[in-house]
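Novice:
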Amino acid sequence: MKNMLEKVVGEIYDELLKRDPDYCRCQQCRTDVLSKALNQARPKYSGGGPKGEALAGFELQQDATRAALAVLLLDAMRRVGGSPRHDMPRAEGKKLVD
Ligand SMILES: [Zn+2]
């Protein structure tokens, strides 16, 4: 289940990047955005046995679910883009956006 959610979130992230050519493509930002979005999404899709996983897997194919995940990703992209960690590990840059 975890892997399926990560796969779907990764796919949607790639789609969002295509629409935002200026957004940073580096691995650090990708990891940060995906982990933030997954942290938001996991409580809902972390399952409840095989039945829960099947239901969540089905839900992950639905447009409404993908749209909700896109919202989480866009929020994560805004936060990571506001204080990217790829070239400045300074903590004080963090407070500017959020
Ligand atoms: Zn970056």
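In my numbering, the protein residues as written are 1 to 98.
Heads up, the beta-carbon is just placed ideally off N, CA and C, and yes, glycines get one too.
Note that the coordinates shown come from a computational prediction; the quantities given were computed from them, not determined experimentally.
At a Cβ threshold of 8 Å, is residue 69 touching chain D?
Specialist: The displayed structure is made up of one protein chain only, and chain D is not part of it.
Novice: Confirm, please, whether the CB-CB distance from residue 56 to residue 45 is below 8 Å.
Specialist: Taking the sequence shown and counting its residues from 1, one reaches residue 45 at position 45. Taking the sequence shown and counting its residues from 1, one reaches residue 56 at position 56. Closer than 8 Å, so yes.
Novice: Can you round the beta-carbon distance between residue 34 and residue 9 to whole angstroms, since I take them to be within the 8 Å contact cut?
Specialist: Here residue 34 is taken as the residue at index 34 of the sequence shown, counted from 1. Here residue 9 is taken as the residue at index 9 of the sequence shown, counted from 1. The pair is a contact, with the Cβ atoms about 6 Å apart (cut-off 8 Å).
Novice: Could you name the residues of the same chain whose beta carbon sits closer than 7 Å to that of residue 40, not counting the 5 residues immediately before and after it, in chain order?
Specialist: By one-based count along the sequence shown, residue 40 stands at place 40. Taken in chain order, the residues that qualify are 72.
Novice: Roughly how far, in whole angstroms, is the beta-carbon of residue 37 from the beta-carbon of residue 69, given that I think they are within contact range, below 8 Å?
Specialist: Numbered from its first residue, the sequence shown carries residue 37 at position 37. Numbered from its first residue, the sequence shown carries residue 69 at position 69. Indeed, because the Cβ distance is near 7 Å, the residues count as touching under 8 Å.
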